[in-house]
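Line order of the protein sequences matches chains A and B.
Counting in our numbering, the final residue of the first sequence is number 382, and the numbers go up one at a time with none missing.
Counting in our numbering, the final residue of the second sequence is number 382, and the numbers go up one at a time with none missing.
Worksheet for the structure shown next.
There are 2 protein chains.
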Amino acid sequence: MHDRPPTLADVALRAGVSYATADRVVNGRGGVSDKTVRRVHAAVSALGYVRNVAAANLSQQRVYRFVAVLPEGSNAFFARMRDLFEVAAARMAADRVTLAVETVAAFDSDVLRARLDLLAGQGVDGIALVGSDDSSTVEVIATLRSKGIPVVTLVSDVPGSERAAYVGIDNVIAGGTVGRLMMLAHGGRSGRILPVVGALSARDHADRLQGLREVIGGDITLASVIEGRDRHDLVETHVAEALSADPSITAIYSAGAGNAGLIRVVEALPATTPRPIVILHELVAHSRRALEAGLIDIVIDQRPEEEVARVIDGLRQLADRREPVMTAVIVPTIYVRENLPPEHQHTNTGHPAR
Amino acid sequence: MHDRPPTLADVALRAGVSYATADRVVNGRGGVSDKTVRRVHAAVSALGYVRNVAAANLSQQRVYRFVAVLPEGSNAFFARMRDLFEVAAARMAADRVTLAVETVAAFDSDVLRARLDLLAGQGVDGIALVGSDDSSTVEVIATLRSKGIPVVTLVSDVPGSERAAYVGIDNVIAGGTVGRLMMLAHGGRSGRILPVVGALSARDHADRLQGLREVIGGDITLASVIEGRDRHDLVETHVAEALSADPSITAIYSAGAGNAGLIRVVEALPATTPRPIVILHELVAHSRRALEAGLIDIVIDQRPEEEVARVIDGLRQLADRREPVMTAVIVPTIYVRENLPPEHQHTNTGHPAR
DNA sequence: TTGTAGGCGTTATCAA
DNA sequence: TTGATAACGCCTACAA
Chain A
29 MHDRPPTLAD VALRAGVSYA TADRVVNGRG GVSDKTVRRV HAAVSALGYV RNVAAANLSQ
89 QRVYRFVAVL PEGSNAFFAR MRDLFEVAAA RMAADRVTLA VETVAAFDSD VLRARLDLLA
149 GQGVDGIALV GSDDSSTVEV IATLRSKGIP VVTLVSDVPG SERAAYVGID NVIAGGTVGR
209 LMMLAHGGRS GRILPVVGAL SARDHADRLQ GLREVIGGDI TLASVIEGRD RHDLVETHVA
269 EALSADPSIT AIYSAGAGNA GLIRVVEALP ATTPRPIVIL HELVAHSRRA LEAGLIDIVI
329 DQRPEEEVAR VIDGLRQLAD RREPVMTAVI VPTIYVRENL PPEHQHTNTG HPAR
Chain B
29 MHDRPPTLAD VALRAGVSYA TADRVVNGRG GVSDKTVRRV HAAVSALGYV RNVAAANLSQ
89 QRVYRFVAVL PEGSNAFFAR MRDLFEVAAA RMAADRVTLA VETVAAFDSD VLRARLDLLA
149 GQGVDGIALV GSDDSSTVEV IATLRSKGIP VVTLVSDVPG SERAAYVGID NVIAGGTVGR
209 LMMLAHGGRS GRILPVVGAL SARDHADRLQ GLREVIGGDI TLASVIEGRD RHDLVETHVA
269 EALSADPSIT AIYSAGAGNA GLIRVVEALP ATTPRPIVIL HELVAHSRRA LEAGLIDIVI
329 DQRPEEEVAR VIDGLRQLAD RREPVMTAVI VPTIYVRENL PPEHQHTNTG HPAR
C-alpha cells in the first residue's frame, strides 16, 4: 500500500548486480558490459526508478551558485527586478541555492565582460544577464558556455548567442498588443497616435513600434516619433511640444522609459478637451499612480515576477542537467486601473546606494 | 572563500553542546535548559545556520503526496487545468512529490466529502480543491485541517473556511477590469452591454457582474442579464434573441461558460452593421480561435498555469511548515488577438474518459 | 568489468 | 537534561 519509491539499491538487487554497477549504468559512466546494461535498464523500468535529486545533491554537497547581472542606474523597472531577485534569494537559502544580484554600468560591455570572466573562475553554476546587441556579449556567452556555465538572457535577448534560454517578452508582440488596444479604444473613429521611444536605435523600442505599425489601420495614423532618451525631462518637453503643435493627436504610446515626464504633461493638460488615450510600458510606482489617478489608460507589463521565477527555475534545471523545460516567451500583461496587483514593498530605490 | 553553508554540527560545536542538543533547540523539541537554549540560538545566528531541507526530507524518507480535486465534466477550462497538473506532476517525480489529480461530480458536495474523507485516511500531505459555497465543504475543510492536512482552495474560494490559502482571481476585480475595457472601447459614446452568466446564483458570476457595474458609467447601460446555465446551446438561443430584440446593444460580456454558443451567434451576425464588442472569460480552444478570427475582442483569463504553479508551491511550503509565503490573489490577465500565448498541446478532452 | 564502503546533513531512537 | 549513532539515497574513491 504505502510503498516508498524504489531506490537504486532496489534496482541493483533486481538486476542482480552491485549498487555501483547499477549506478554506472543509470548515470552513464561507462565501463559496463552490454548484457549488464540491459539487465539494469530492464530493472529500472520494471520498478519505475527515478533518481532522487535531493539525495544526489546532498551527497555531492552541491550548492547552486547563481548570479544575476542587472544594469545599474535609476531605472524603476530594474530596481523592482532586483527586489524580486533578492526576495527569491532569501527564500531559496533553505534549498541550498544562492543567488547573488550584481549591477554593472549599463551598456558598458567591457565592464560586463570583465565581471563575467571573473565569475567564470569562481565556480558559478549559472548566470542571468540582460542582453545587449553588441558582439562582445555574444563572445562572453560563448566563453561561459564552453566552460559549462549556462547563461540565460533576461528582458533583452542576444539572438545570435549560445544562451540556453531567453526569459522575456517578444517586443513585436507587445507593440502589436498596444496596436490592438489602440484600435479598440478608437472604436472605428479616426485618430493619430504619437509614438515615444528612448531611441530608435534600441532594438526593443524599435520592435515595439514595428508591432504597433503592423496592427493599426483604418483611419489611425502615426505622428512622427519622439526620441526621449528614456529621460523624463526630455520626454516631458518633447511630448508637450508635439501635443500643442498637432491638435489631431488622439493617443500616445510610450514604448520606452522616462514616463514620469509624459505623465506630467498629461496631468497639465487643459480639462476642456478629452485627454488623449495613453498606453505605456512597465508597472512601476509612477505608472501605477497615474493609472489609479485616471491619467493614463493602460500599462503593458512584462511581469518581472514571472520572469524572475522562470529564470531561477530555468537555471536550476540547467544546473541539474534535467530536460530543459523552459517554457516559451513571457506574455505581456495588460493592466488597467481595475486589475492592478496589490502594491509591493519597495526596497531598492533604483539609485546607486553609494 | 568557498565556504560551505554551516551545518547543525557547526552550530553544536560553536555552542559547546552535542549535535542532539542543538537539534532539540533548533526544532523546538523541548527538554533543554534555558541557558543551553540561549547558547544554541546565539550560535545559530552567529553562523547564519539554515536548515537543509533536502537532508531533512531524506532522513525522514519524506514523500509528498498531494491531491488536486477538480470538477469532472466537459468544461474546457478544467480540462486545461488538469493537463497542467499532470504535466507538473510528471516534472516533480524526481523531487519525491506526487500529485494525483482526481475528478468528482461537479456540485455534489456529498461525493466530494466522501472522497476527501477517504483521502484523509490515506496519508495525504495536502489537498487542492475547487471551492463551492455550501456549508458541507466548510466542514470537510475543517475536519481535514484538524487532521493536519492543509487545504488550498482553487479558482473558487470557500471564504468562511479554514483553508490555508486561496489561489485564484478576485472576481469583482475581473468584472471591474471588463468594465474599464468596455468604457475604453466605447470611447465616450453611449452603449448598452448585454451581460451573460451561467446563473446569478453562482457566486463568481455574480461577483463579476458586480465588478462590471461598479465601473461602468456615463452613457453606458446594462441590458437585462441572460442566464445561460453555462450551456452553449442555451447561450446561443438566448443571446441571439436578445440581440434581435434590442438593436441598441453595443457590447456583450459573458461572465460564465458556454461561450461556443455566443461565438456562433456573433459569427452569424450580418456583416452590414459593426458587430458588438465582445469580452469573455478563459482562454480555451474556442475562445482562442474566435479571438484569432476577430469574432471577439478580449478574453480575460485567470492564468491556470500560474494557478497550478502556485498551488504546488504553496502545498509544498505548507507541508514543510515553512513560513507560508503564499502571495496574493492572481491578477486576471487580458488577452487580445496579438498577445496570445503559444498554443499548448491538448491532452485531456474535457469529456469523461469512460 | 564489477564490487565495497564512507560520507553528505538531518531525524529519531536509545543510552546515560 | 544531554549525548551518541544508525538510518535515509546517492556519489565516489578504492579495491578486486
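We treat Cβ as the ideally placed atom computed from N, Cα and C, and that holds for glycine.
What's the C-alpha gap between residue i and residue j?
i                : j                : result
Val200 (chain A) : Arg90 (chain A)  : 40 Å
Ala148 (chain B) : Asp185 (chain B) : 20 Å
Ile155 (chain B) : Val243 (chain A) : 45 Å
Asn85 (chain B)  : Thr35 (chain A)  : 15 Å
Val45 (chain B)  : Arg119 (chain A) : 29 Å
Glu190 (chain A) : Ser164 (chain A) : 13 Å
Gly58 (chain A)  : Pro360 (chain A) : 46 Å
Val54 (chain A)  : Gly76 (chain A)  : 13 Å
Ser282 (chain A) : Glu366 (chain B) : 18 Å
Arg42 (chain B)  : Ala142 (chain A) : 39 Å
Glu269 (chain A) : Gly246 (chain A) : 26 Å
Asp232 (chain A) : Phe113 (chain A) : 23 Å
Pro178 (chain B) : Val78 (chain A)  : 27 Å
Leu207 (chain B) : Leu250 (chain B) : What sits at residue 207 (chain B) in the sequence shown is Gly, not Leu. Cα to Cα, Gly207 (chain B) sits roughly 11 Å from Leu250 (chain B).
Gly188 (chain A) : Ala104 (chain B) : 39 Å
Val327 (chain B) : Ile248 (chain B) : 20 Å
Val39 (chain A)  : Arg93 (chain B)  : 23 Å
Val168 (chain B) : Asp145 (chain B) : 8 Å
Gln88 (chain B)  : Ala347 (chain B) : 13 Å
Ala83 (chain B)  : Met109 (chain B) : 32 Å
Ala299 (chain B) : Pro369 (chain B) : 29 Å
Exposed or buried, which one is residue i when buried takes at least 16 other CB atoms within 10 Å?
i                : result
Ala318 (chain B) : buried
Gly176 (chain B) : exposed
Ser272 (chain A) : exposed
Tyr47 (chain B)  : exposed
His372 (chain A) : exposed
Val139 (chain B) : exposed
Gly216 (chain A) : exposed
Pro332 (chain A) : buried
Ser315 (chain A) : buried
Asp62 (chain A)  : exposed
Ser160 (chain A) : buried
Glu320 (chain B) : exposed
Gln345 (chain B) : buried
Arg338 (chain A) : buried
Ala107 (chain B) : buried
His379 (chain A) : Residue placement at His379 (chain A) is flagged as unreliable, the pLDDT there being 43, under the threshold of 50; a coordinate-derived value is accordingly withheld.
Arg382 (chain A) : For Arg382 (chain A), the predicted model reports a pLDDT of 31, less than 50, meaning its position is unreliable and no value from the coordinates is stated.
Gly284 (chain A) : buried
Ile362 (chain B) : buried
Glu295 (chain B) : exposed
Ala37 (chain B)  : exposed
Candidates the options: which alpha carbon is nearest residue i's?
i                : options                                : result
Leu323 (chain B) : B:Leu262, B:Val293, B:Met109           : B:Val293
Ala122 (chain B) : A:Asp247, A:Val65, A:Val81             : A:Val81
Leu343 (chain B) : B:Gly284, B:Ile221, B:Gln330, B:Leu182 : B:Leu182
Val357 (chain B) : B:Asn287, B:Glu264, B:Val336           : B:Val336
Gln330 (chain A) : A:Gly203, A:Asp247, A:Val132, A:Arg303 : A:Gly203
Pro33 (chain A)  : A:Gly101, A:Ser73, A:Asp153, A:Asp62   : A:Ser73
Glu334 (chain B) : B:His69, B:Ala116, B:Glu167            : B:Ala116
Asp111 (chain B) : B:Pro275, B:Val129, B:Val95            : B:Val129
Pro302 (chain B) : A:Leu212, A:Arg52, A:Leu146, A:Ile221  : A:Leu212
Val132 (chain B) : B:Phe105, B:Val125, B:Pro99, B:Leu144  : B:Pro99
Val158 (chain A) : A:Val166, A:Val152, A:Gly151           : A:Val166
Gly286 (chain B) : B:Leu297, B:Thr300, B:Thr278, B:His266 : B:His266
Asp235 (chain A) : A:Leu262, A:Thr205, A:Met210, A:Ile221 : A:Thr205
Would you say the region 167-176 of chain A touches the region 306-319 of chain A, given that touching needs at least three Cβ pairs under 8 Å? Output reads no: the region 306-319 of chain A does not touch the region 167-176 of chain A.
Residues of the region 121-137 of chain B with a CB closer than 8 Å to any CB of chain A: list them in chain order, please. Residues passing the 8 Å Cβ filter: Ala121, Ala122, Asp123, Arg124.
If contact means a Cβ-Cβ distance below 8 Å, which residues of the region 208-219 of chain A contact chain B? Listed by position along the chain: Arg208, Leu209, Leu212, Ala213, His214, Gly215, Gly216, Arg217.
Touching or not, the region 248-261 of chain B and the region 223-230 of chain B, by the rule of three or more beta carbon pairs under 8 Å? A contact exists between the region 248-261 of chain B and the region 223-230 of chain B.
Count Cβ pairs between the region 198-213 of chain A and the region 235-250 of chain A that sit closer than 8 Å; are there 3 or more? Segment contact: the region 198-213 of chain A against the region 235-250 of chain A, three or more CB-CB distances shorter than 8 Å; contact assigned.
At a Cβ cut of 9 Å, what residues of the region 315-326 of chain A count as close to chain B, listed as they run along the chain? Residues of the region 315-326 of chain A with a Cβ closer than 9 Å to any Cβ of chain B, in chain order: Asp325, Ile326.
Could you list the residues in the region 76-103 of chain B with a C-beta less than 8 Å from some C-beta on chain A, going in chain order? Within the region 76-103 of chain B, those residues whose Cβ lies closer than 8 Å to any Cβ of chain A are, in chain order, Val78, Arg79, Asn80, Val81, Ala82, Ala83, Asn85, Leu86, Gln89, Val91.
Residues of the region 161-174 of chain B whose Cβ lies closer than 8 Å to any Cβ of chain A, in chain order: Answer set for the region 161-174 of chain B: empty.
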